[in-house]
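S.K.: Here it is: the structure, laid out below.
There are 2 protein chains.
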Amino acid sequence: MKNNLRVQRAIKNITQAELAELIQVSRQTVNTIESGKYVPSTVLALKMARVFGKAIEEIFELEEGD
Amino acid sequence: MKNNLRVQRAIKNITQAELAELIQVSRQTVNTIESGKYVPSTVLALKMARVFGKAIEEIFELEEGD
DNA sequence: CATGAATATCAAAAATACTTTACATTTGGT
DNA sequence: ACCAAATGTAAAGTATTTTTGATATTCATG
Chain A
2 MKNNLRVQRA IKNITQAELA ELIQVSRQTV NTIESGKYVP STVLALKMAR VFGKAIEEIF
62 ELEEGD
Chain S
2 MKNNLRVQRA IKNITQAELA ELIQVSRQTV NTIESGKYVP STVLALKMAR VFGKAIEEIF
62 ELEEGD
């Protein structure tokens, strides 16, 4: 799973902490998802997609081996 | 999180076991996701969406309290 | 260079997702 | 009614996600 959260955040110009607040998780959770350390639940992915006004598929993408 | 996996399966006319095989999880995993017992990871949601040729948002939907 | 804001990282615990095995129930066809 | 296929459920165990708290690093700017 790769993602372009950093880009999406840049477009909306919000910090990891602000995104965390918007979707009600810790800022570490945002950080570790953004850096690809783990895959979020569908609930989190949907919330992020909603924040950015994008489809999940525009933010998260499957890779070889997923 | 609610989902319409049952409908999607009906459209493609595949069983829970077949869907499980297609996305490489156990049949029980498909069953419990379908019956709303837990929320799949984004990897699984993406794989399911791909199987059905739909966006995740067309299959999974946030509810109050998610 | 110093300061503050943002990001990265680490470790340990809690919560949730997923597997396996096994059995029960429902459903559809003959 | 009978049979087989599909679905539901349960318990126990493993794996992964998420939180919390704390510290470290990066980066822009004064």
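As you go down the protein sequences, you meet chains A and S in turn. Those letters in the first sequence? Residues 2 to 67, per the numbering used here, in order. Those letters in the second sequence? Residues 2 to 67, per the numbering used here, in order. We treat Cβ as the ideally placed atom computed from N, Cα and C, and that holds for glycine.
Does A:K13 come out as helix, strand or coil in the three-state DSSP assignment?
M.R.: Helix at A:K13.
S.K.: Check whether the Cβ atoms of S:R7 and S:L20 lie closer than 8 Å to each other.
M.R.: Taking 8 Å as the cut-off, the Cβ atoms of S:R7 and S:L20 do not count as close.
S.K.: State the DSSP-derived secondary structure class of S:N5, mapped to helix, strand or coil.
M.R.: coil
S.K.: Should S:M2 and S:L63 be called a contact, given that it needs their Cβ atoms to be closer than 8 Å?
M.R.: yes
S.K.: Is the region 46 to 65 of chain A in contact with the region 14 to 32 of chain S, if contact means three or more CB pairs nearer than 8 Å?
M.R.: no
S.K.: Determine the burial state of A:T43: buried for a count of at least 16 other Cβ atoms within 10 Å of its Cβ, exposed for fewer.
M.R.: buried
S.K.: Hey, A:V52 and A:I12 are a contact pair by Cβ (cut 8 Å); roughly how many whole angstroms apart?
M.R.: Contact between A:V52 and A:I12 is ruled out by a C-beta separation of about 11 Å, above the 8 Å threshold.
S.K.: Starting from S:A46, trace the alpha helix (DSSP H) in both directions and tell me its first and last residue.
M.R.: Per DSSP, S:A46 is one residue of the alpha helix (DSSP H) stretching across 43 to 53.
S.K.: Counting only C-beta atoms, is S:V44 closer than 8 Å to chain A at any point?
M.R.: yes
S.K.: S:A18 to A:A50, Cα distance in whole Å?
M.R.: Approximately 30 Å, taken between the alpha carbons.
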